[in-house]
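So the sequence lines, in the order shown, correspond to chains V and H. Take the first sequence: its letter number 303 is residue 303 in the working numbering, and every next letter is one higher. Offset between the second sequence (1-based) and the working numbering: plus 392. Note that beta-carbon positions come from the ideal geometry of N, C-alpha and C, so glycine has one too.
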Amino acid sequence: METLFHAAPFTGYVYPNETVVPWTVLIAIYPYLTGLVAGAFTMSSLYQVFGMQRFKPVAHFAMLTSLCCMLIVPLPLLLHLGQPTRALNPMITPHVTSAFAVFGYAAGFYVVLLLLENWFVFRPHIVAQAQQRTGPLGWFYRILTLGSYDLSEKAMRYDKKWIFALAIIGIPGAHGLHGYVGFVFGSLKSREWWSSDLMPPIFLFSAIISGVALLIVLYAISCRLRKIPVDLDCMKGMAYTLWGFMLFALLLEAVEFASLVYRGREGIEVILEYVRGPLIIPFWTVQIGICSIIPVSWLTFMIWKGTKGNALIAGTVVSALLVLAGVLMMRWNVVIGGQEIAKTGKGLLTYHMPFFERESAVTAAVLLIAPFVLLSAAVRLLPPWNDSEAHP
Amino acid sequence: MEHKTEDLEGIGRRHFLRLFGGALGGGGIALAATALLPEAAAVADKPEIPGYDWNQHRWSFGVDATKCIGCLRCVEACKVENNVPKDPHHFRTWVERYVTLEGDEKTHIDSQHDPVNIEAAGADGKYRFANRYKDAKVDKAFFVPKLCNHCTHPACVQVCPVGATYKTEDGAVLIDHTMCIGCQYCVQACPYGARFFNEEIQATDKCTWCYHRITKGLNPACVEVCPVSARVFGDRNDKQSPISIFLRNNRVSVLRPESGNAPNVFYVGIDKEVS
């Protein structure tokens, strides 16, 4: 039988009820996934809204990636709930003062927006397939057409207007959704580690860099799989985007940490003890050292030197992989870290992640892989490739 | 002819989108309307207790820490009365021990969940403070009973996404376990560590001031069993109730006033490090 709870070991004084850590690894996964959604959407809007042509090869792919991640976002929350059958209650009977009550609406709205935008973008392909294919796949595409087979110039112009409008709404939508996830943590006054006005922008910028990094990696992999050369202009653009947003993200985190220490409110001794002790590996070494300073330095070096060709691709992809790991570590250090510092301000707890349970390492791993399983199916059904090589 | 069909389909699609937009807009208005409901519903849906009107009472709790002897009968009574999981990690009420040793400025704090105290207790459901300072020179020592503060501005009620936890008219903060979704946002929001997730019922749990007892004119279980009257309870609307007298005769403080939660558990005799 699964143990009902795990008591966390502690030092100093912590409240008795704090010894069962309320939010587990799944709640660290949740903002990570919403971050990927927002970041990938940012990438697609750079082309759809801001008209940056160099991002054309990844624009539609980015949207599909965003959708696949978004479909998984509710799962870590659902698996965390004590009463999963009441999961929809925050939408049916919302308690308006709760920062969390809006989540269902915000997420629901955003899923609809992503579905609509993807539908408009892939409509020509859907219609073509619906007319050509027979059998179950034919039925699948015919259902996806929603009865609309019109691909005339007029209809396409009309579609384009919608794509543009949805992308514009999507920018505040995606970023609002993720900034709001930061607010869920930042608005709690009970934990000094979370309670910060900078939490929403920190979450937002880290989200953007994780999404851009994800697209860099996925785009490189997809080119390898499709046996086509990587569009260097696009790759370089993404490297620049990642680099630029990273500078903001790091600056914000530094400012937040500095003001936390500088304010030095009640409990700061324990926070510093935590920062100097348990955080040496997950925060200083992994998140800041390996996953932030190395990629940002490498990207700076490549931009400065004007690196080209395979060196640019390799450097950007490795930096992006590090950033992806770093943002995951950041989510962990915020969500788990915040709970390891006791509310008493006089003690520290140690969260142990179970390996195989409802809320465990295995569940987290499955949830992190799931969007990409979806995505690998989605790109086969709705090819998002815009590059000329893909359509000989 | 073909042109006409295309046009019709174009109109069909536009119609569909317009309908869709309309549905979204309608949903938005419905949302705005329902947004106003839960607050009203929480009050309208008050518990039906024969012979009890929650508008007639204003409950409060007092703790005289100078009297507490750390016997932990209150903790044991609470566990039995309220069916609280018997392990030393889930408490509706607990007692903290503050000890300063001679020549040591640091205050040593422990409670029932400390491994040394767990061992001294010997079994789940029993709680003891181990005699861990018997060979030390104690400069100062005192006990502080803790429980839910039933705040006037409860952060836990603010964050509950479904309104499962609510403030009653008579001053208690209660949880409707049939509504709780078990997200534990309230557990995070409480600065006092008063809430816990009850795995046996898969919902959040906490002190209710024994609401089932006080609405029948009885004292909370912890108050009832306290051998030294360190715990005081009563109705502030009644000027002669124990709590009214306690508040009148003492200069009291609350825990973490800076949180803005405005607690309704009032303390006498706590030291600066108690929070």
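At a cut-off of 8 Å between beta-carbon atoms, residue 483(H) makes contact with chain V. About 5 Å separates the CB atoms of residue 206(V) and residue 327(V); that is less than 8 Å, so the two are in contact. Between residue 535(H) and residue 618(H) the beta-carbon gap is near 11 Å, outside 8 Å, which marks them as no contact. Contact residues of the stretch 13–32 of chain V toward chain H are 13, 15, 16, 17, 18, 19, 20, 22, 23 (C-beta to C-beta distance below 7 Å). Interface criterion not met: the Cβ of residue 521(H) is under 8 Å from no Cβ in chain V. Against chain H, a Cβ distance below 7 Å from residue 239(V) picks out nothing, because the smallest value is about 38 Å.
Residue 371(V) counts as buried, since at least 16 other C-beta atoms from the protein chains shown sit within 10 angstroms of its C-beta.
Just so you know, the alpha carbons of residue 565(H) and residue 558(H) end up roughly 6 Å apart. Listed in chain order, the non-local C-beta contacts of residue 182(V) below 6 Å within the same chain comprise 199, 200, 203, local neighbours out to five positions each way being set aside. For residue 565(H), the enclosing beta strand (DSSP E) starts and ends at 565–567. Under DSSP, residue 465(H) forms no beta bridge with any residue. The Cβ atoms of residue 353(V) and residue 20(V) lie no closer than 8 Å to each other. In this structure, residue 553(H) keeps its C-beta atom at 8 Å or more from the C-beta atom of residue 282(V). The count of Cβ pairs closer than 8 Å, one atom from the stretch 589–605 of chain H and one from the stretch 565–574 of chain H, reaches three, so the stretches are in contact. For residue 82(V), the chain H residues whose C-beta falls within less than 9 Å of its own C-beta are 572, 573, 574, 575, 576, 589, 590, 591, 593, 594, 595, 596, listed in chain order.
Listed in chain order, the alpha helix (DSSP H) elements of length 4 or more contained wholly in the stretch 535–617 of chain H are 547–551, 577–581, 603–606, 613–617. Residue 343(V): not part of any alpha helix (DSSP H); DSSP gives it neither H nor E.
Counting only runs of at least 3 residues, the stretch 476–517 of chain H fully encloses the following beta strand (DSSP E) elements, listed from N- to C-terminal order: 485–493, 499–502. Ranked by Cα distance from residue 656(H), the first of 515(H), 543(H), 608(H) is 543(H). Within the stretch 320–347 of chain V, the residues whose Cβ lies closer than 9 Å to any Cβ of chain H are, in chain order, 338, 339, 342, 343, 344, 345, 346, 347.
Judged by DSSP secondary structure, residue 627(H) falls within the beta strand (DSSP E) whose first and last residues are 623–627. Between residue 660(H) and residue 330(V), the alpha-carbon positions lie close to 43 Å from each other. Between residue 48(V) and residue 164(V), the C-beta spacing is below 8 Å.
When C-beta distances to chain H are compared with 7 Å, every residue of the stretch 119–136 of chain V stays at or above that value. For residue 42(V), not one C-beta of chain H is nearer than 8 Å to its own C-beta. Residue 150(V) is classed as buried because its beta carbon has at least 16 other beta carbons within 10 Å across all chains shown. Between the alpha carbons of residue 222(V) and residue 56(V) lies a distance of about 15 Å.
When 257(V), 105(V), 39(V), 5(V) are compared, the shortest CA-CA separation from residue 193(V) is found for 257(V). For residue 95(V), the C-beta contacts it makes with chain H under 7 Å involve 430, 552, 553, 554, 555, in order along the chain. By the Cβ criterion, the stretch 574–585 of chain H is not in contact with the stretch 624–637 of chain H, since fewer than three pairs of Cβ atoms, one from each stretch, lie closer than 8 Å.
Membership of residue 298(V) in the alpha helix (DSSP H) is indicated by the continuous run 294–305. A distance below 8 Å separates the beta carbons of residue 322(V) and residue 294(V). Straight-line measurement puts the Cα of residue 585(H) at about 15 Å from the Cα of residue 646(H). Around the beta carbon of residue 86(V), 16 or more other beta carbons sit within 10 angstroms, so the residue counts as buried. Beyond the five residues adjoining it in sequence on each side, residue 478(H) comes within less than 8 Å, by CB distance, of 471, 516, 517 in the same chain, given in chain order. Straight through space, the alpha carbons of residue 351(V) and residue 374(V) are spaced by roughly 31 Å.
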